[in-house]
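> Before I ask anything, here is the structure I am working with.
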Amino acid sequence: MVTTTTQRLLDLAAAAPASHDEDLVLLLREASELYQQGFADLRDTVAARFAGPSGGDLVAAATAAGMPCDASQDRDELVLLLALAEWEMTLAALAYSEMAQDAAHRGVCLIPEE
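Take any residue in the sequence shown, note its place counting from 1, add 152, and you have its number in the numbering used here.
Structure (structure tokens):
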């Protein structure tokens, strides 16, 4: 059986509340990698979808998606903003965000303290 990125992130998020310390860090690491991969895949999809429209059309689409931008930004930046707006609403991204917030409230995060 093939597990999708979304399904695996949901599985990790479901396992996180019962995990502690190093086990939770391991879950967060895997979830972070899946989050980044999912976002990269969606960014590629959005880039293909917006391959034809002009820069002005991209600015209008990004603005309509609620992302602050302007005409001085290059095409890649605008595609990134559009992909981010779409990604943040996916079940995978929402599950990861909840997981990371819960872990942070319990004193666990992937960024080491200095």
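Idealized CB from N, CA, C, for every residue including glycine.
With residue 257 as the anchor, note down where its alpha helix (DSSP H) starts and where it stops.
243-257
> Mind pulling the beta strand (DSSP E) runs of 3 or more residues that sit fully within the segment 153-229?
none
> Measure the C-alpha to C-alpha separation of residue 237 and residue 225 and round it to an integer number of angstroms.
16 Å
> Roughly how many angstroms lie between the CA atoms of residue 185 and residue 235, to the nearest whole one?
17 Å
> From 172, 188 and 200, pick the residue whose C-alpha is nearest to that of residue 161; which is it?
Across the set 172, 188 and 200, the C-alpha of 188 shows the shortest separation from the C-alpha of residue 161.
> Measuring alpha carbon to alpha carbon, tell me which residue in 159, 264, 172 and 158 is nearest residue 254.
Answer by Cα proximity: 172.
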